[in-house]
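Have a look at the structure below, then the notes.
Number of protein chains: 2
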Amino acid sequence: MRDVAVIGVGMTKFGELWRSPLRDLFAEAAADCLTDAGIERSQVQSAYMGCMTSGLFNGQEHLAAILTDYAGLSPISATRVESACASGGVAFRSAWLEVASGASDFVLAGGVEKMNDGADATYCLSTAADQEYEVYHGVTFPGLYAMIARAHMHKYGTTREQLAHVAVKSHRNGAQNARAQFPTEINLDTVLNAVMVASPLGLFDCSPVSDGAAAVLLAPAEVARDLGKPVVKILGCGHATDAIALHDRQDLASIPAVKAAGDQAYAMAGVKPQDIDLCEVHDCFTIAELVCLEELGFFPRGEAAAATVDGATGLEGTIPVNTSGGLKSKGHPVGATGIAQIVELVEQLTGRSAKRQVKNPRLAMAQNMGGSGGSSTVHILEVSS
Amino acid sequence: MRDVAVIGVGMTKFGELWRSPLRDLFAEAAADCLTDAGIERSQVQSAYMGCMTSGLFNGQEHLAAILTDYAGLSPISATRVESACASGGVAFRSAWLEVASGASDFVLAGGVEKMNDGADATYCLSTAADQEYEVYHGVTFPGLYAMIARAHMHKYGTTREQLAHVAVKSHRNGAQNARAQFPTEINLDTVLNAVMVASPLGLFDCSPVSDGAAAVLLAPAEVARDLGKPVVKILGCGHATDAIALHDRQDLASIPAVKAAGDQAYAMAGVKPQDIDLCEVHDCFTIAELVCLEELGFFPRGEAAAATVDGATGLEGTIPVNTSGGLKSKGHPVGATGIAQIVELVEQLTGRSAKRQVKNPRLAMAQNMGGSGGSSTVHILEVSS
């Protein structure tokens, strides 16, 4: 298999983008990405688009074909992939495989979701859970993650105040990201006094409903070197699944698919958690960030909460987490999230992150998750000049 | 890239399967496939599932994770791919790439759709067309293909009687297929006197609304040889896209994405149309079979209709087409169709098709199409003992 690099990134602002149709969001991100890469549309040979449920949100399937057409890329091979909120991460993995195989040189990996389009977002998102055994009985995603949070509190003594620190940290980073949906700092009182959604998770423990798109261009590492830019190589890739229903798992305070995907990525890359310089994790809810950090080995189980309060995951901490603002502050157009994480990491690794820049990072990780953890991808990127 | 072979196939009966949930359909096909391959569940490393719109039909996304779990394959990497009615073909291509790359040895490619589950099938299927510029104005799929038929009639003199011969031929084959939804012969009068759906397409010019699943297992060709069975190698793969809205195309009597995908597959395989011994094409409507046969080079433009009447596409003809009964007689659970085509070809190439067996075929082609031709895959398989 060939070494593969990311040679260009692009994304829209995330937010309530009522004036932008689904197809325009993707076309904008793809155009930005190709400009950044310095590659012509005619050079792109294949594309993968992550999207969770344009069928339910927008009444539009056959998605890769229409997005490819409006991005000016037809008649290339184009594949839409879906793994709920991990759709972007899975699109990135698919694009990596196609370049690694030697079948294509320039492959676009994109993600898009337009959640503000009139549909019932709570219902649309619930389709990432088990319809027959969870959703029919009234559970929604805040409810599922609230159960994970309660289990974590019970087992490890995690507190509501500690969860609130995750949101405060994410907004502090997101306030420096012009593309964030909520680029505003918040304080502990705001989080703790917010309306309760599903106890113990209040409004500021939850990521928002968002529109947006992101795209990255992959090419053989040799080609990236020839372009004379820093080479951001995909060093490790992990992808795992699990039962999507919470009641089928042994321990509600853990998410095994994240650990499995992380272990694969670490093994392929030949690195350990302490080698990683920054990480974007899937903080759809504050509790998710803590559990994922523990599954990925950044902290022992039950210790991510206290470490967050101590500042270990801040910009100046031992492992800066969600420098983009994360899903919480940057926004969470579900199919785009996994690709937007890669955009953030590539910009950080190439020193383009301005006020939220981490100092001289070499290794970065993106962890993207579907539903309540029924699927997860983990990618490790390495920059070399 | 490594040579890749299909080492096992399985599928459910197609039909109105009200007693089988979506997840059970896939689990049944996957189990049959692994039994046929003689491979244990624990040996499967990755899976791709084609499904058009389980979100709209069944309220279930996050599909690959849940299907993998119920098939007993977790925690492997599993990816759902969507390209409307070409979802199965795209899943097959993705699985081929993963084995060809060297990343995995045993990869499952499946397809599933449960269309009889209470949802409005006409609306669900319409999401394969352009929502904003076609569907909002009232067009449905029979209407879109009726426009293609009218254009073909106008340009080439194709007649309604000739279209009817396609359906009669498909049902003649399907009557020999126990897994077909409608395993019954029909005659010309039945087709011509059926209720009109969208002129000139009557009820028997249209494929049905179906439930079903299919699965095939891919492995390196070397591994297939070691198993001591006939080796069915993937010799060519093509995948192309186009505008999904009919009004964006130059000629309604042609479907360029099919020609582009076919040209890619022929070039990769190093073969020509006259080398192909049998072909499964995407006959969602009778007119689609004729246009696809012309795009794939089996007949000059405008001549597929007369050739069908002459028997050229029958079991004893120069190019047997849709020996399975095709989408028309076998049924069309849209996400499963592309994989079910591969099942038919592998069984034909290995001499397992009983009364509908083609004599000593060596090369076979599957063409799977999304929407009104906004995407298409073409695969060429070769058997060697």
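Residue numbers (the numbering used here), protein chains in the order written: chain A, 1 to 385; chain B, 386 to 770. Note that CB positions come from ideal geometry on N, CA and C, so glycine has one too. Here the structure is a predicted model, which is why all the values come from computation and not from measurement.
Residue j beta carbon less than 8 Å from that of residue i
i: residue 729 of chain B; j: residue 53 of chain A; result: no
i: residue 513 of chain B; j: residue 755 of chain B; result: yes
i: residue 174 of chain A; j: residue 336 of chain A; result: no
i: residue 338 of chain A; j: residue 38 of chain A; result: no
i: residue 434 of chain B; j: residue 496 of chain B; result: yes
i: residue 679 of chain B; j: residue 666 of chain B; result: no
i: residue 105 of chain A; j: residue 162 of chain A; result: no
i: residue 414 of chain B; j: residue 386 of chain B; result: no
i: residue 209 of chain A; j: residue 115 of chain A; result: yes
i: residue 471 of chain B; j: residue 762 of chain B; result: yes
i: residue 411 of chain B; j: residue 718 of chain B; result: no
i: residue 705 of chain B; j: residue 743 of chain B; result: yes
i: residue 441 of chain B; j: residue 504 of chain B; result: yes
i: residue 765 of chain B; j: residue 691 of chain B; result: no
i: residue 82 of chain A; j: residue 404 of chain B; result: no
i: residue 449 of chain B; j: residue 463 of chain B; result: yes
i: residue 219 of chain A; j: residue 5 of chain A; result: yes
i: residue 540 of chain B; j: residue 687 of chain B; result: yes
i: residue 76 of chain A; j: residue 454 of chain B; result: no
Whole-angstrom C-beta distance between residue j and residue i, which should lie under 8 Å
i: residue 726 of chain B; j: residue 663 of chain B; result: The pair is not a contact, with the Cβ atoms about 11 Å apart (cut-off 8 Å).
i: residue 451 of chain B; j: residue 130 of chain A; result: 7 Å
i: residue 767 of chain B; j: residue 620 of chain B; result: 4 Å
i: residue 285 of chain A; j: residue 375 of chain A; result: Actually they are not in contact, since the Cβ atoms of residue 285 of chain A and residue 375 of chain A sit about 17 Å apart, beyond 8 Å.
i: residue 201 of chain A; j: residue 149 of chain A; result: 6 Å
i: residue 561 of chain B; j: residue 741 of chain B; result: 4 Å
i: residue 657 of chain B; j: residue 564 of chain B; result: The pair is not a contact, with the Cβ atoms about 31 Å apart (cut-off 8 Å).
i: residue 283 of chain A; j: residue 327 of chain A; result: 5 Å
i: residue 393 of chain B; j: residue 520 of chain B; result: About 39 Å; that fails the 8 Å criterion.
i: residue 735 of chain B; j: residue 617 of chain B; result: 7 Å
i: residue 186 of chain A; j: residue 373 of chain A; result: With a Cβ gap of about 26 Å, residue 186 of chain A and residue 373 of chain A do not count as contacting.
i: residue 537 of chain B; j: residue 543 of chain B; result: 5 Å
i: residue 459 of chain B; j: residue 241 of chain A; result: 5 Å
i: residue 34 of chain A; j: residue 23 of chain A; result: Not quite, the Cβ-Cβ distance comes to about 16 Å (not below 8 Å), so this is no contact.
i: residue 275 of chain A; j: residue 188 of chain A; result: Actually they are not in contact, since the Cβ atoms of residue 275 of chain A and residue 188 of chain A sit about 32 Å apart, beyond 8 Å.
Cβ of residue i within 8 Å of any chain B Cβ
i: residue 21 of chain A; result: yes
i: residue 111 of chain A; result: no
i: residue 246 of chain A; result: no
i: residue 55 of chain A; result: yes
i: residue 317 of chain A; result: no
i: residue 28 of chain A; result: no
i: residue 60 of chain A; result: yes
Interface flag, residue i vs chain A, CB-CB below 8 Å
i: residue 460 of chain B; result: yes
i: residue 513 of chain B; result: yes
i: residue 627 of chain B; result: yes
i: residue 517 of chain B; result: yes
i: residue 453 of chain B; result: yes
i: residue 501 of chain B; result: no
i: residue 681 of chain B; result: no
i: residue 450 of chain B; result: yes
i: residue 386 of chain B; result: yes
Closer than 7 Å: residue i CB and nearest the ligand SAM heavy atom
i: residue 764 of chain B; result: Among the ligands in the structure shown, none appear at all, so the ligand SAM cannot be discussed.
Quick one: which residues of the stretch 463-491 of chain B get their C-beta closer than 8 Å to a C-beta of chain A? List them in chain order.
Correct list: 463, 464, 465, 466, 467, 468, 469, 475, 478, 479, 482, 483, 485, 486, 487 and 488.
Give the residues from the stretch 635-652 of chain B that approach chain A closer than 9 Å (Cβ to any Cβ), ordered along the chain.
Going along the stretch 635-652 of chain B in chain order, one finds 641, 642, 645, 646 and 649 with a Cβ nearer than 9 Å to chain A.
Secondary structure, alpha helix (DSSP H): runs of 4+ residues fully inside the stretch 296-353 of chain A:
Runs of the alpha helix (DSSP H) inside the stretch 296-353 of chain A: 304-309, 326-330 and 334-349.
Run through the stretch 517-541 of chain B for me and flag every whole beta strand (DSSP E) of 3 or more residues, listed as ranges in chain order.
Fully enclosed beta strand (DSSP E) runs of 3 or longer: not present.
What are the complete beta strand (DSSP E) segments, minimum 3 residues, inside the stretch 612-647 of chain B?
DSSP assignment within the stretch 612-647 of chain B yields the following whole beta strand (DSSP E) runs of 3 residues or more, N-terminal first: 616-626.
Complete alpha helix (DSSP H) runs within the stretch 167-214 of chain A (minimum length 4 residues, chain order)
Correct list: 188-192.
I'd like the ranges of any alpha helix (DSSP H) spanning at least 4 consecutive residues and lying wholly in the stretch 423-453 of chain B.
For the stretch 423-453 of chain B, whole alpha helix (DSSP H) runs of length 4 or above, ordered along the chain, are 439-443.
Please list, in chain order, the residues of the stretch 420-438 of chain B that have any C-beta partner in chain A closer than 7 Å.
Those residues of the stretch 420-438 of chain B that come within reach of chain A (Cβ to Cβ, closer than 7 Å) are 437 and 438.
Counting only runs of 4+ residues fully inside the stretch 91-133 of chain A, write out the alpha helix (DSSP H) ranges in chain order.
The stretch 91-133 of chain A contains these whole alpha helix (DSSP H) runs: 121-126.
Residues of the stretch 333-357 of chain A with a CB closer than 8 Å to any CB of chain B: list them in chain order, please.
Against chain B - using a Cβ distance shorter than 8 Å - the stretch 333-357 of chain A contributes no residues.
By the 8 Å beta-carbon criterion, what residues does the stretch 752-766 of chain B contribute toward chain A?
Answer set for the stretch 752-766 of chain B: 755, 756, 759 and 760.
If you measure beta-carbon to beta-carbon, which residues of the stretch 214-240 of chain A are closer than 9 Å to chain B?
Within the stretch 214-240 of chain A, the qualifying residues are 237, 238, 239 and 240.
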